[in-house]
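What follows is one structure encoded as structure tokens, with my remarks underneath.
There are 2 protein chains.
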Amino acid sequence: MTSSATSSPGPGRGSRRAAPVGHAAMRSANLSLLLRHLHTRGGRSRATLAQETGLSKASVTSLVSDLAELGLVQEGQVERRGTVGRPGTEVRISPLHVAGIGLELNVDYLAVCLRDLAGEVRFTSSVPMPYVLDATVADGRAYPPGLVLDRVAQQLAESLEVASREGLWVAGVTIAPPGPIDYEGGSVRVAANLGWTDVPLGEELAARLGPEHPALSLENDAKLSALAEAPRLARRGITDLVYLTGDMGVGAGILAEGRLIRGWSGFSGEVGHIGLDPAGVRCRCGRRGCWETMVGFDTVLAVLDEDDPARSGRLPMLDRLEHLRVLLEAGDPRLHERFTLLVDDLVRGIGVLVDVLNPQAIVLGGYFGYFADLLVGRVQSALDARLLAADGRVEVSGSALGLDAAAIGGAAAALERVLEDPLLAPPLSADASA
Amino acid sequence: MTSSATSSPGPGRGSRRAAPVGHAAMRSANLSLLLRHLHTRGGRSRATLAQETGLSKASVTSLVSDLAELGLVQEGQVERRGTVGRPGTEVRISPLHVAGIGLELNVDYLAVCLRDLAGEVRFTSSVPMPYVLDATVADGRAYPPGLVLDRVAQQLAESLEVASREGLWVAGVTIAPPGPIDYEGGSVRVAANLGWTDVPLGEELAARLGPEHPALSLENDAKLSALAEAPRLARRGITDLVYLTGDMGVGAGILAEGRLIRGWSGFSGEVGHIGLDPAGVRCRCGRRGCWETMVGFDTVLAVLDEDDPARSGRLPMLDRLEHLRVLLEAGDPRLHERFTLLVDDLVRGIGVLVDVLNPQAIVLGGYFGYFADLLVGRVQSALDARLLAADGRVEVSGSALGLDAAAIGGAAAALERVLEDPLLAPPLSADASA
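Order-wise, the sequence lines are chains G and B. In terms of the UniProt record's numbering, the first sequence has 346 at position 346, counting the first letter as 1, and numbering is strictly consecutive. In terms of the UniProt record's numbering, the second sequence has 420 at position 420, counting the first letter as 1, and numbering is strictly consecutive.
Structure below.
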């Protein structure tokens with residue numbers, strides 16, 4: 001069990017490389033450079049690769065051949081060019097041999113995602129937690145870890161089976177647990193909504209998956225969601241962003257210059273408890289005016305009748321959201337008033353994040369993302385109005401990935417291992433499904 | 001004029017290197033690796049260098065010889081070893097040939113710092129702004145840019161002269177201006193306290209310094225101060241920190257994994273205007289409850305008599321602080337009450353930064369740092385009490401560099417250019433003072 005999916009070895013100030021460059025390291029670094037380039041920019045000819053990366057054509061040819069033997073790239077269709085001359089062959093990331101798995105374990109659902117190196121989702125499944133366990137558990141909000149982990153292991157085993165059947169080697173599995181992570185121990189400290197304390201997730205899952213399982217890592221859902229959204233924004237040159245999760249709690253995943261800002265012990269982005277009003281509502285953390293008390297999903301539910309189906313923790317999250325949507329479209333005045341206040345309070349907290357981090361984009365996830373049509377425009381206008389400098393403008397959008405963001409990000413984080421060190425992938429001559 | 005002292009070329013997500021590794025790049029990267037290692041860890045033998053960096057002994061010998069020819073390292077005293085055998089010779093950073101200059105241009109003072117590559121401050125001078133210009137300007141708080149820039153250029157010319165006299169090649173000059181920077185244009189947008197708008201600092205100084213001047217960059221004072229404090233903390237393994245400036249305004253310099261977090265347009269750390277109380281005092285920015293209205297230097301001055309010398313903008317900052325110190329030591333009840341409230345309000349804002357960034361250390365600068373003895377212990381206790389997880393503990397300290405922090409950081413930022421690319425330094429055979 002590695003302690004984190006995405007932590008880098010933590011180089012000292014300014015020292016961007018942890019290791020010296022010898023000939024072997026140079027080859028490995030250039031393999032990684034080429035693979036990342038293809039991964040980010042898409043398929044292109046060897047000549048284009050040489051031109052864009054600054055590597056010699058001979059080097060590109062030799063490196064591409066290595067990457068192909070590792071099953072990481074493949075030859076593609078003839079590249080269309082406007083000029084005369086011999087048409088080039090396109091090299092692109094291969095979807096055939098390498099994949100990563102992400103799994104979000106949430107109080108509402110288990111979502112798993114198997115994604116190949118080319119970015120294609122090859123298998124996904126989502127199970128509403130209440131449905132998983134209602135048969136066996138009396139109190140639907142306090143799930144015994146053993147039962148949940150059995151189900152998680154089953155869902156992982158299904159994904160691994162799909163991978164094996166399709167000849168995909170799985171580079172790793174990243175799990176987003178429903179509470180703060182003990183990165184050292186690979187456990188979840190507390191999952192208040194599940195009634196859990198110090199559950200050794202990594203160890204328990206490793207035991208259930210057997211000795212042959214891929215590397216398992218834990219990472220926070222907001223951080224993984226930020227990683228999942230990153231490629232969409234990176235294509236437009238945006239590498240500084242904050243992803244906001246919106247559920248009972250609120251969390252943030254922060255990318256700066258394309259790098260995940262984890263904080264020194266992995267607890268960056270705990271924005272649900274930033275104090276924005278000393279005279280505000282008392283939070284379950286004991287303090288007053290935490291952002292969560294203003295924008296958490298509970299604040300929406302609180303305006304509904306006690307027996308409203310949206311308030312039922314027994315229903316899957318998506319059903320509850322759809323029910324709210326129906327009420328909103330029917331013009332429910334309590335909800336419309338709530339959403340007006342929500343915009344103001346979202347802007348207050350996002351304003352703090354903008355002042356501290358100066359991101360180029362804010363991505364609204366969770367229930368904020370589900371109601372992006374109601375929130376994005378209004379939040380954007382209010383942020384524009386509070387702006388100090390024109391080039392500090394931040395762009396607000398809804399998550400494109402919905403409730404699967406963390407699982408997709410988990411798969412991406414697992415694939416990072418191969419992008420960083422392509423030589424991890426087993427050569428094609430070996431058993432690709434090992 | 002380069003647009004920023006410290007921005008990296010902005011690699012895409014995960015792509016940590018911008019360039020491929022060829023043999024020339026490999027040599028340059030390894031020169032940088034060795035030089036940084038010596039810079040961070042101090043002098044050591046070739047054998048120790050090989051062992052610690054993973055480079056072969058032959059490579060180390062050859063690279064050290066290159067660095068010596070560039071005047072970047074020198075042979076030192078015999079290294080004491082507990083074992084028998086031939087005593088090694090120590091290689092260490094040379095203080096003789098390469099330096100950087102930092103200059104802080106502030107409403108209160110101009111401070112300049114010439115620092116050699118070995119970290120020694122070779123020349124420093126600080127001039128209280130009121131003294132600079134009182135003779136020529138009627139209204140002491142609205143200084144014409146031309147006059148100020150003449151004085152800045154004069155101070156820079158003095159430092160360059162010292163450098164030239166001592167045979168130091170100046171790698172660059174970094175200037176911390178008194179307001180938000182237009183990084184593209186190398187200008188200061190607004191310096192409210194000086195009555196400035198859109199002053200093209202870089203261009204104006206370049207013109208005054210003549211064609212032979214070193215590379216000029218602008219960077220924010222809080223960011224430079226964070227860079228200046230970083231080595232002290234890095235020696236204890238701390239690479240995630242927030243430096244807080246305390247003056248009329250409040251700003252933050254953020255380092256994550258040793259890297260400066262600048263934000264996408266350079267405006268990270270604008271923490272003076274984070275809104276912490278919707279019912280709070282109206283800020284000069286127009287909003288209510290900005291952190292600055294609670295902890296800015298004005299809040300301290302406001303409790304004093306109108307004619308108290310500490311309130312006089314005509315006095316140098318240090319004199320005003322010393323006067324406050326005398327009042328505090330005499331038991332002034334208004335100031336003691338103010339400092340009690342200040343601790344609470346500092347903790348509220350720092351709490352937000354801790355939740356968002358999860359730094360390992362908070363460094364108090366400016367007037368917070370000057371009164372570190374009164375603030376650090378109490379802020380630390382209050383932060384410890386609000387902690388959610390034990391390993392999220394953040395350590396509070398006062399800046400060790402006082403009001404010179406930004407100038408020292410500016411010199412360090414200028415020297416970064418050589419640490420990143422040692423081949424920038426002119427070989428010793430050439431004129432070292434060019």
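Every residue, glycine too, gets a C-beta built ideally from N, C-alpha and C. None of the values given here were measured: they were computed from a predicted structure.
Per-residue DSSP class, three states only, for residue i
i, result
"G/R259", "strand"
"G/W264", "coil"
"B/Y367", "helix"
"residue 448 of chain G", "With chain G covering only 1 through 434, there is no way to say anything about residue 448 of chain G."
"G/A29", "helix"
"B/I274", "coil"
"B/G351", "helix"
"B/L241", "strand"
"B/V396", "strand"
"B/V376", "helix"
"G/D108", "coil"
"residue 435 of chain G", "Any answer about residue 435 of chain G is impossible in this case: the structure gives chain G only from 1 up to 434."
"B/D182", "strand"
"G/S65", "helix"
"B/A24", "helix"
"B/A135", "Reliability of the predicted coordinates at B/A135 is poor, the pLDDT of 49 falling under 50, and the value obtained from them is presented with this limitation in mind. In the structure shown, B/A135 sits in coil (DSSP, three-state: anything other than H, G, I, E or B)."
"B/R334", "helix"
"G/S225", "helix"
"G/S429", "coil"
"B/S56", "coil"
"B/R44", "strand"
"G/R235", "coil"
"G/R320", "helix"
"B/R287", "coil"
"B/R386", "coil"
"G/R417", "helix"
Beta-bridge partners of residue i, as assigned by DSSP
i, result
"B/L357", "DSSP, once it has assigned bridges, lists no residue as partnering B/L357."
"G/C113", "G/G102, G/T124"
"G/T174", "G/G102, G/S217"
"B/T197", "B/V190"
"B/R92", "B/Q74"
"B/G251", "B/T245"
"B/R208", "BP columns for B/R208 are empty, so no partner."
"G/R282", "G/R288"
Taking only beta carbons into account, state which residues of the stretch 275-288 of chain B come closer than 8 Å to chain G, listed in chain order. G275, L276, D277, P278, A279, C285, R287
Given a limit of 8 Å on CB to CB distance, which residues of the stretch 338-367 of chain B reach chain G? R348, G351, V352, L353, D355, V356, L357, N358, P359, Q360
Tell me which residues of the UniProt domain "HTH marR-type" (33-77) of chain G have at least one Cβ-Cβ distance to chain B shorter than 7 Å, keeping chain order. L33, R36, T40, T53, G54, L55
Using Cβ-Cβ distances below 8 Å, what residues of the stretch 256-270 of chain G are close to chain B? A256, E257, G258, R259, I261, R262, G263, W264, S265, G266, F267, S268, G269, E270
In chain order, which continuous runs of the beta strand (DSSP E) of length 3 or greater are located wholly inside the stretch 139-171 of chain G? none
When you check each C-beta in the stretch 287-313 of chain B against every C-beta of chain G, which residues fall closer than 8 Å? R287
Could you check whether the stretch 257-272 of chain B touches the stretch 340-351 of chain G, counting it as contact only if at least three pairs of C-beta atoms, one from each stretch, sit closer than 8 Å? no
On the three-pair Cβ rule with 8 Å, is the stretch 203-215 of chain B touching the stretch 252-261 of chain B? no
Three Cβ pairs or more, each shorter than 8 Å: is that satisfied between the stretch 371-386 of chain G and the stretch 403-417 of chain G? no
Decide if the stretch 281-293 of chain G is in contact with the stretch 231-245 of chain G; the criterion is three or more beta carbon pairs, one per stretch, under 8 Å apart. no
Listed in chain order, which residues of the stretch 232-249 of chain B have Cβ atoms closer than 7 Å to some Cβ of chain G? A234, T239, D240
Three or more C-beta pairs closer than 8 Å, one from the stretch 112-121 of chain G and one from the stretch 181-190 of chain G: is that the case here? no
Flag this pair as touching only if the stretch 291-299 of chain B and the stretch 298-310 of chain G have three or more C-beta atom pairs under 8 Å; answer yes or no. no
Using 8 Å as the cut-off, can you tell me whether the stretch 28-43 of chain B makes contact with the stretch 61-68 of chain G, which would need three or more C-beta pairs spanning the two stretches below that distance? no
Evaluate the contact criterion for the stretch 367-382 of chain G versus the stretch 192-211 of chain G: three or more CB pairs, one atom per stretch, below 8 Å. no
Under 8 Å, with one C-beta from each stretch per pair, do the stretch 91-98 of chain B and the stretch 224-238 of chain B reach the 3-pair mark? no
Would you call the stretch 393-405 of chain B and the stretch 362-372 of chain B touching, i.e. three or more CB-CB distances under 8 Å? yes
Contact set between the stretch 86-100 of chain B and chain G, restricted to residues whose Cβ is under 8 Å from the partner: none
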